[in-house]
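Novice: Once you've had a glance at the structure underneath, I'll fire off some questions.
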């Protein structure tokens, strides 16, 4: 009966989807974005090319979803920054982890490729901001708002500006390879940004 | 006599060089980096393709020199930031001007194209840092050092970090088109960065 086959088909689809997104991320790390092809993704994922074209209109769209999948939590919940009650310690933990991720070629290569596309494509940039950047940004702002309410930041602190001052120097150093991305840099950045917005 | 023709030839060469670099910048603004060709540059500059290939090995190299030429001063002197003695006013003037430049499509398009190349090419990034970024960075650091000596910044202020916190949020907002680049943003950035490093 048709009804009994639906869960199986749905499980198979989900397996294929995960295999395609994983293959996409792996291949970007190995051959780079420019040399990535739908053929290679299909071969690595063990699916037909048509399966990929049925779900995604372009290479850029698969790459985008493969990166988006990285920030999906298995429990379906949203992104949250750590909250131990100590904003200084929490931000240092997050910025140290971000610096470490950006220093890992397997992790950073696909995001670097995506950033190159975004810089030259205002429409993709808007989708990126809405789907990937906004949930992360809102998580950062929630954590900073908590710190402001706890009196660890000035009552009139501009939290958008604070978020930019925390993350932009890290992102720039990563994209332009203009200096080391280490714990010392992460800590100095948090110390200086918090000094600018303390009560 | 050969000796008497040299100045003429040298003047002609310099005229061609300037025409090629100007044509390159103009065309990037009109058609974008991806669609720019050596043929089009030669036609616009009124020189033969071979003249360009004799002086530059690739399209990227011409584009790079065309942007480098923008920061060459006619008097051959170095780059200096304004110095009225008031670090707050001077930085606001510079960051407002930078924000305005980045909002001008004719000015920003070639630099955006160059940044895309740099992000994906560690060797070009190193040349860029040495030839274009370093002189500008040193000018910023000289101005900040003057302010520190004048007691307008803390004696132990990390001027490299301060320069990153001043410029990276502006650069990121420009590259990712993540918010308006206006006087208010420039001023808020200077106010916050100076608060972090005041005496």
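Chains as they are written, first to last, in our numbering: chain A, 1 to 199; chain B, 1 to 199. All C-beta atoms, glycine included, are put in the ideal place defined by N, C-alpha and C. These numbers were taken from a predicted model, which means no experiment stands behind them.
1) Helix, strand or coil for residue 80 of chain A per DSSP?
2) Which first and last residues belong to the alpha helix (DSSP H) in which residue 62 of chain A is found?
3) Pick from B/106, B/177, B/169: whose alpha carbon is nearest that of residue 187 of chain B?
4) Nearest CA to the CA of residue 171 of chain B: which residue from B/147, B/144, B/108?
5) Can you round the beta-carbon distance between residue 19 of chain B and residue 46 of chain B to whole angstroms, since I take them to be within the 8 Å contact cut?
6) Under 8 Å: do the stretch 177-186 of chain B and the stretch 84-98 of chain B share three or more Cβ pairs, one atom per stretch?
7) Any beta carbon from chain B within less than 8 Å of residue 4 of chain A's own beta carbon?
8) Verify the CB distance criterion: does residue 169 of chain A have a CB-CB separation below 8 Å to chain B?
9) Give the C-beta separation of residue 88 of chain A and residue 194 of chain A to the nearest angstrom, bearing in mind that I take them to be a contact with Cβ-Cβ under 8 Å.
10) Closer than 7 Å, Cβ to any Cβ of chain B: which residues of the stretch 146-170 of chain A, in chain order?
11) Using a C-beta to C-beta distance shorter than 7 Å, which residues of chain B count as neighbours of residue 186 of chain A?
12) Spatial neighbours of residue 125 of chain B within its chain, please: C-beta separation below 7 Å, excluding the five flanking residues on both sides.
13) How long is the line joining the alpha carbons of residue 49 of chain B and residue 175 of chain A, rounded to whole angstroms?
14) Whose Cβ in chain A lies nearer than 8 Å to the Cβ of residue 119 of chain B?
15) Does chain A have any CB closer than 8 Å to the CB of residue 180 of chain B?
16) Name the residue from A/28, A/149, A/8, A/191 whose alpha carbon lies nearest to the alpha carbon of residue 165 of chain A.
17) What does residue 129 of chain A touch in chain B if you count any residue whose Cβ is under 9 Å from its own?
18) I want to see whether chain A comes within less than 8 Å of residue 196 of chain B, judged by CB atoms only; does it?
19) Indicate whether residue 58 of chain B and residue 25 of chain B have their beta-carbon atoms separated by less than 8 Å.
20) Assuming residue 50 of chain B is part of the alpha helix (DSSP H), what are its boundary residues?
21) Alpha carbon to alpha carbon, how far is residue 145 of chain B from residue 85 of chain A?
22) Given this structure, state the Cα-to-Cα distance separating residue 83 of chain A from residue 163 of chain B, to the nearest angstrom.
23) Under a Cβ-count criterion, where at least 16 other Cβ atoms within 10 Å of its own Cβ denotes burial, should residue 3 of chain B be classed as buried or exposed?
24) Rounding to the nearest angstrom, what Cα-Cα distance links residue 12 of chain B and residue 64 of chain B in this structure?
25) If you drop the 5 nearest sequence neighbours on each side, which residues of the same chain put their C-beta closer than 7 Å to that of residue 91 of chain A?
26) Is residue 122 of chain B close to chain A? Criterion is C-beta to C-beta, closer than 8 Å.
27) Since I believe residue 199 of chain A is in contact with residue 154 of chain A (beta carbons under 8 Å), could you give me their beta-carbon distance rounded to a whole number of angstroms?
28) So, under 8 Å CB-CB, residue 44 of chain B and residue 23 of chain B are touching, yes? Tell me the CB distance rounded to an integer number of Å.
29) Could you check whether residue 141 of chain B and residue 114 of chain B sit closer than 8 Å to each other, using their CB atoms as the reference points?
30) Would residue 192 of chain B count as contacting chain A if we go by Cβ distances under 8 Å?
31) Just to confirm before moving on: does the CB-CB distance between residue 81 of chain B and residue 137 of chain B stay below 8 Å?
32) Measuring CB to CB, does residue 51 of chain B end up less than 8 Å from residue 16 of chain B?
33) Return the residue from the list A/132, A/122, A/123 that minimises the CA-CA distance to residue 111 of chain A.
34) Let me check understanding here. Comparing Cα to Cα, which of B/150, B/130, B/100, B/55 lies closest to residue 181 of chain B?
35) Using a C-beta to C-beta distance shorter than 7 Å, which residues of chain C count as neighbours of residue 125 of chain B?
36) Could you have a look at residue 137 of chain B and say whether DSSP puts it in helix, strand or coil?
Specialist: From the atom records:
1) coil
2) 59-68
3) B/169
4) B/108
5) 6 Å
6) yes
7) Here residue 4 of chain A scores only 48 on pLDDT, less than 50, and its place in the model is too uncertain to base an answer on.
8) yes
9) 6 Å
10) 158, 161, 164, 165, 168, 169
11) The premise fails here: residue 186 of chain A is roughly 11 Å from chain B at the closest Cβ pair, so nothing lies under 7 Å.
12) 118
13) 34 Å
14) 112, 115, 116, 119, 175, 176
15) no
16) A/191
17) 176, 177, 178
18) yes
19) no
20) 49-55
21) 37 Å
22) 30 Å
23) With a pLDDT of only 48 at residue 3 of chain B, under 50, the local geometry of the prediction cannot be trusted, and the value read off the model is given with reservation. Classification for residue 3 of chain B: exposed.
24) 22 Å
25) 166, 190
26) yes
27) 5 Å
28) 4 Å
29) no
30) yes
31) no
32) yes
33) A/132
34) B/100
35) Included in the structure are the protein chains A and B, with no chain C among them.
36) helix
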